[in-house]
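Engineer: Residue numbers (my numbering): 51 to 383.
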Ligand SMILES: [Zn+2]
């Protein structure tokens with residue numbers, strides 16, 4: 051994913067959204083009139099989520115076209131199937147920034163596929179093929195483990211899926227693992243600019259959804275949700291397109307005692323899978339992403355470096371994110 055400069059034309063619209071959302075606070079769901087917690091939410095296990103992260107990292111970097119990538123796609127679809135989801139794997143060849151074609155596998159697990167009202171949860175599962183922000187230039191051309199940038203969001207969602215298979219939510223839930231998110235333009239080589247080189251899996255899905263005319267009430271994207279020092283600001287495209295969902299998620303986190311992670315301050319405008327979901331499918335989707343306004347990159351210390359390893363994954367952070375997501379989706383009616 052990539053940070054972009056906030057366009058000034060967004061500003062008046064954002065002010066309107068802030069004013070509108072101030073009238074609807076205090077409920078769990080996103081429908082405005084719903085009560086607070088009314089269901090017993092199954093207990094999210096950070097140990098289990100961590101094990102799902104570790105299982106992905108154990109394949110090695112899941113760089114599109116590699117053996118690890120193919121094997122991990124099989125692992126994700128087999129795991130969702132075992133949990134009771136109806137699984138679709140979208141396979142296609144997509145062209146990356148340098149003209150090379152790589153295989154893409156979007157892995158989609160649908161719970162209660164018969165339900166018309168649905169929630170979409172998503173995360174990218176591929177690993178970046180280079181470490182273009184590593185301080186050691188000699189390490190920049192090797193792929194990264196992507197324990198946080200990729201595997202963490204998928205690990206949280208696999209743990210959510212495990213519960214959905216045994217304790218169904220009221221709405222249908224689709225869990226989508228997007229591929230080829232992180233093959234965007236490298237910052238350590240001068241290759242010239244090209245638009246839309248990130249998020250190739252979600253761009254493909256946006257144009258070819260797994261179900262005809264697919265839409266969800268809303269979507270939640272998880273990206274880099276596993277660092278010990280994580281902080282989740284309110285990402286600006288999310289605030290612009292889905293302020294009610296941002297409010298519902300951040301309010302739920304605050305009630306659960308995770309207000310120090312889900313902070314009230316604004317994040318940057320981040321080009322991530324949720325942008326293409328919004329743009330191509332037309333339903334609101336937010337991004338829960340670790341954003342650090344005071345770092346030089348805008349992201350966490352390990353972002354696009356060889357330090358993005360399993361040893362830097364924190365169970366308490368996985369717990370905070372997973373528990374919050376479950377609180378929101380199980381209270382949706
Ligand atoms: Zn990345």
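Each residue gets a CB set at the ideal place from its N, CA and C atoms; glycine is no exception.
The model shown is predicted, which means the values in this text are computed figures rather than measured ones.
1) By the DSSP assignment, the alpha helix (DSSP H) with residue 242 in it spans what residues?
2) Out of curiosity, what's the CA-to-CA distance linking residue 367 and residue 152?
3) Just list the residues that DSSP pairs residue 141 with in beta bridges.
4) Strictly by DSSP, which residues pair up with residue 172?
5) Is it right to say residue 232 is buried, meaning 16 or more other beta carbons lie within 10 angstroms of its own, or is it exposed?
6) Going by other Cβ atoms of all chains shown within 10 Å of its Cβ, with 16 needed for buried, is residue 314 buried or exposed?
7) Please determine whether the Cβ atom of residue 186 lies at a distance below 6 Å from any heavy atom of ligand 1.
8) Can you tell me which residues form a DSSP beta bridge with residue 160?
9) Could you tell me whether the segment 243-258 touches the segment 288-298, using the rule of 3 or more Cβ pairs below 8 Å?
10) For residue 370, name the three-state secondary structure that DSSP assigns.
11) For residue 211 and residue 101, which I take to be in contact (beta-carbon distance under 8 Å), what is that distance rounded to the nearest angstrom?
12) Ignoring anything shorter than 4 residues or poking outside the segment 269-328, list the alpha helix (DSSP H) runs there in chain order.
13) Tell me residue 52's beta-bridge partners as DSSP assigns them.
14) Would you say residue 178 touches ligand 1, meaning its beta carbon is less than 6 Å from a heavy atom?
15) Between residue 323 and residue 270, what straight-line distance do the alpha-carbon atoms span, to the nearest angstrom?
16) Can you look up residue 340 in the DSSP assignment and give me helix, strand or coil?
17) Can you tell me whether residue 232 sits near ligand 3, meaning its C-beta is under 6 Å from at least one heavy atom of the ligand?
18) If you draw a straight line from the C-alpha of residue 76 to the C-alpha of residue 301, how long is it?
19) With a threshold of 16 other CB atoms inside 10 Å of the CB of residue 321, please say whether the residue is buried or exposed.
20) Does residue 379 come out as helix, strand or coil in the three-state DSSP assignment?
21) At the level of alpha carbons, what is the spacing between residue 214 and residue 133?
22) Pull up the CB-CB distance for residue 107 and residue 201, whole angstroms please, since I reckon it's below 8 Å.
Structural biologist: If we stick to the structure as given:
1) Looking at the DSSP string, residue 242 is not in any alpha helix (DSSP H), and its letter there is neither H nor E.
2) 33 Å
3) 155
4) 226, 271
5) buried
6) exposed
7) no
8) 136, 224
9) no
10) helix
11) No, residue 211 and residue 101 are not in contact; Cβ-Cβ is about 14 Å, not under 8 Å.
12) 286-291, 293-305
13) 321
14) yes
15) 10 Å
16) strand
17) By its list of ligands, the structure shown excludes ligand 3, since it contains just ligand 1.
18) Residue placement at residue 76 is poorly supported in this model, since its pLDDT is 29, which falls under 50; the coordinates still yield a value, given next. Their Cα atoms are separated by approximately 7 Å.
19) buried
20) helix
21) 8 Å
22) 6 Å
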